[in-house]
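**Student:** Here's a structure for you.
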Amino acid sequence: MLCGMGFKGIAMLISGILFAWLFMGLTESVDITLPPNISVTIEHSAGPASPPCSICTGKDGCKLSKLQIQPGTSVRYNFTCTTPEKHFVMVIRRMIDCNTGVCPFGNVSLQPSSLTGLNRTFLWNVEAPRNIGVELRFNPWIRQINPSHKCKDRITFTVGTLISGSSTSIGTFCKKGTVSRIKLQGGGVVTLQLPWNETLTESGFSIANRSSIKRMCIIESIFETESTTTMMSANYPQGFPNNELMTWQFIIPQNHRASVQFINYTLPNCYMKEQRVEYDLPLSNNNPEVFQFDAIQPGNIGSNFNLSLENCELESQNPKALTLVFNVTVQKATNIANHTYSIDLRKETTMNVRISKPLVKARYFAPVCVICRGENQCSEEIILEGGKYHRISFLCNKLDTLRVTAEQITQCSDFKTCPINNTSLGIPQSLRYLPIPLETITWKILPPPNSSAEIGSRRIKLQQPLLGTTCNATSDFYYHITSFTNGNQFTIGSFCPNGSVEKMQMKGNVTIILNTYKKTNLSLMNHDLYLSFVPSVKEECIFTVSPNSSSTVKHHTPDWEAGLPDYYYLSWNIDLSPKQSAQLTFDRDKIGIMCQMNSALLYIKEKRENGVDIVRKEDEKLPSTLNLRYPFWVNISNCRPKVNYKLQVQFSITVTESNTDIKIIGIVIAAAVCTVIVAVGMTFCCLRKK
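Numbers -29 to -1, 1 to 661, taken from mature numbering (1 follows the signal peptide of the UniProt record, and there is no 0), label the letters of the sequence shown in order.
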């Protein structure tokens, strides 16, 4: 077949094949005609120095790595590769002149809108006099993000101002937010970044008007429903410009409340003036309020308000930077917000009360729950100082997200003059009736020199929960007690109410934490503890136990899991009434450790002459059961155990009512009856003889 074509035909066929092979990788040609105020630049994106792709034009061929299309010109171009979006970007610049009265108000067109196939950046340079503000309105509204972050749809706005001669960033924004308009002093620069496959036809903003403005910018944020928005100072994170002022205007819907929380900030070094945050709040009668950066910011704001940020004149040598990131949260007002609660701590001079919200990360909008003192002093955590009367309210949908903790310090410097004697460790009544449950209350007890702390209960007495159990089956609360001696912490343990421990005497400083279980009704809680300072005791702890008749109580050495610390000494003072007798039983036949130094000892001693008096070392057999009719002591002292040995002892006391008195009364009555019978018999015999 090729032979029949001849030499000329074969040459034409080969040329056609070569031509098709050379141009099969080219993209389709694009024709572009620009108006007089728009220019376009196509250039390499960040990547390899020499990407395997070039730009082709009729004038320059296929050798261009950058194409600049001047205003008012037409160009046809294409690329030598099928994926130019991987190698090139397009920047479309438009100049908008608002220096004169011909400023083109209305929607800003996306021209040329037909350009696709490359990642595009539309840049609008809006020129205006310095004293004139250009107002940009956005539709749909936009949301500010950290400049280092990206929008999910990769459609990103940036807004800057030309106030200083060069562009200064106001912020980076995504779609779907609360920012409705931005007013810029001295003109501005708006950029819109679009991905290569995005077919957007509208710019999304308009030029609304020109008017005088005496600050760098004004940002309007409109809330239509419950939500949280994050705002950042201009030129974040590089730093807010020297000696400038910007304002945010927040529009709040009816029956909603707003709260401001500072997330992060840095402060500059000022040469003149000071940086400041200023609020124009409802009912302020146009008297702005200045807040410190580290202060609690306003909350419970019932209508529209403004927030302004002003920088100082910076030092030239080491200016540092003023930056601010803050949240504004808007949520529906509730009846809770209209109720004020009183907390009277005037008698509790050493008690502090903390009301706070645990940190919870939420993927979507989560209503804040803040506590307010006064009209607008609100935060997610407040501390109420002792010795004062407080009035608070809550801006919350659900109060169960809050928690209350309290702490009180009791101390004396001189035992002789110390007034602490049978002093109640109480819960202020106003805390009992708050709509928030009290989670913990902590008493820190610091005895004077040469004395010890004694805590006791007049009504409920205390008990150690059985090993492996907690108190929640029998009580709404429990106490956790620790002592501190010579810098060493000793966990005495957890104690439930309704037991047999009448009091405890402890050496060193003592911390008692009352813990409540969820939904505990404080007004009904049967808490009852008192405190006294007593002469110093040698034991780490002395338990005074008063068991009820017909009961069995169990006790074990404190800090069970870790074991009794080396050389620690404990005592149980078992108090029996004359009508009671006790049966003492141990859970093991020996103390069961091996000592490296000294010996571990267990003492059992009745409080009477010639009573039970038993001493056992760690390797000696303990009595299996002891029957005791008089009050007695159980003392345990530890040695330094060998490695992997822990001193752990548990014992039980079963108390019964003694029948001794009944027997004595019976014997006395029987003797009396016998005496009467004998006397009557003798009288009868005497009379008969006569």
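Heads up, the beta-carbon is just placed ideally off N, CA and C, and yes, glycines get one too.
1. Let me check understanding here. Comparing Cα to Cα, which of Ser182, Asn256, Val261, Asn226 lies closest to Asn70?
2. When the Cα of Ile223 is compared with those of Tyr207, Ile267, Phe276, Phe603, which residue comes out closest?
3. Helix, strand or coil for Leu370 per DSSP?
4. Roughly how many angstroms lie between the CA atoms of Val161 and Ser177, to the nearest whole one?
5. Applying the criterion that 16 or more other CB atoms from any shown protein chain within 10 Å of the CB defines a buried residue, is Phe194 buried or exposed?
6. Between Lys359 and Arg317, how many whole angstroms is the CB-CB distance? I'm expecting something under 8 Å.
7. Hey, how far is the Cα of Pro111 from the Cα of Lys146?
8. Looking at Ile153 and Val130, is the spacing between their C-beta atoms short of 7 Å?
9. Tell me the residue span of the beta strand (DSSP E) that contains Gln39.
10. Hey, out of Ser10, Thr92, Ile398, whose CA is closest to Ser16's CA?
11. Exposed or buried, which one is Ile354 when buried takes at least 16 other CB atoms within 10 Å?
12. Based on the DSSP secondary-structure assignment, which residues constitute the bridge partners of Met61?
13. For Phe76, count neighbouring C-beta atoms within 10 Å of its own C-beta (all shown protein chains included) and say buried if the count is 16 or more, exposed if not.
14. State the CB to CB distance for the pair Asn282 and Asn213, rounded to an integer number of angstroms; the pair is presumed to be in contact (CB under 8 Å).
15. So Ile585 packs on Ile575, CB below 8 Å; how close in whole Å?
16. Spatial neighbours of Tyr616 within its chain, please: C-beta separation below 6 Å, excluding the five flanking residues on both sides.
17. Please state whether DSSP places Pro55 in a helix, a strand or coil.
18. My parser needs the beta strand (DSSP E) runs of 3 or more residues fully inside the segment 426 to 485; what are they?
19. Can the beta-carbon of Ser517 be found closer than 7 Å to that of Ser446?
20. Around the C-beta of Gly(-14), are 16 or more other C-beta atoms found within 10 angstroms, so that it is buried, or is it exposed?
21. If you drop the 5 nearest sequence neighbours on each side, which residues of the same chain put their C-beta closer than 6 Å to that of Trp379?
22. Run through DSSP, which three-state label would Leu402 get?
23. For Cys367 and Leu409, I'd like the C-alpha separation in whole angstroms.
24. Ile184 by DSSP, collapsed to three states: which one?
25. Please name the residue, chosen from Asp265, Val341, Met568, Gly175, that lies closest to Asp537 on a Cα-to-Cα basis.
26. Check this for me: beta carbons of Arg47 and Ser10, under 7 Å apart or not?
27. Would DSSP call Trp219 helix, strand or coil?
28. Nearest to Leu402 by alpha carbon, out of Cys383, Asp371, Ile314?
29. Among Lys490, Gln39, Ser80, Tyr450, which residue has its Cα nearest to the Cα of Ile426?
30. Skipping 5 residues on each side, what residues in its chain have a beta carbon closer than 7 Å to that of Gly357?
31. Please state whether DSSP places His527 in a helix, a strand or coil.
32. Near Leu35, what residues of its chain come up, given a Cβ to Cβ distance below 7 Å and the 5 sequence neighbours on each side ignored?
33. For the segment 481 to 492 against the segment 504 to 519, do three or more pairs of beta-carbon atoms, one drawn from each stretch, fall closer than 8 Å, so that the two count as touching?
34. Around the Cβ of Asp385, are there at least 16 other Cβ atoms within 10 angstroms (buried) or fewer (exposed)?
35. Hey, how far is the Cα of Asn459 from the Cα of Ser423?
36. Output needed for Leu238: all residues of its chain with C-beta closer than 8 Å, excluding positions within five of it in sequence on either side, in chain order.
**Tutor:** Answer, in terms of the structure:
1. Ser182
2. Phe276
3. helix
4. 11 Å
5. buried
6. 7 Å
7. 7 Å
8. yes
9. 37 to 40
10. Thr92
11. exposed
12. Ile13, Arg91
13. exposed
14. 6 Å
15. 4 Å
16. Ile564, Met565
17. helix
18. 448 to 456, 459 to 468, 472 to 477
19. no
20. Model confidence at Gly(-14) stands at a pLDDT of 39, short of 50, so the residue's coordinates are unreliable and nothing is read from them.
21. Just to set this straight, residue 379 is Gln in the shown sequence, not Trp. Result list for Gln379: Thr321, Met322, Trp414, in chain order.
22. helix
23. 17 Å
24. coil
25. Met568
26. no
27. strand
28. Ile314
29. Tyr450
30. Leu316, Glu319, Thr320, Thr321, Met322, Asn323
31. strand
32. Ser25, Ile26, Thr28
33. no
34. exposed
35. 16 Å
36. Gln246, Phe264, Lys291, Leu293
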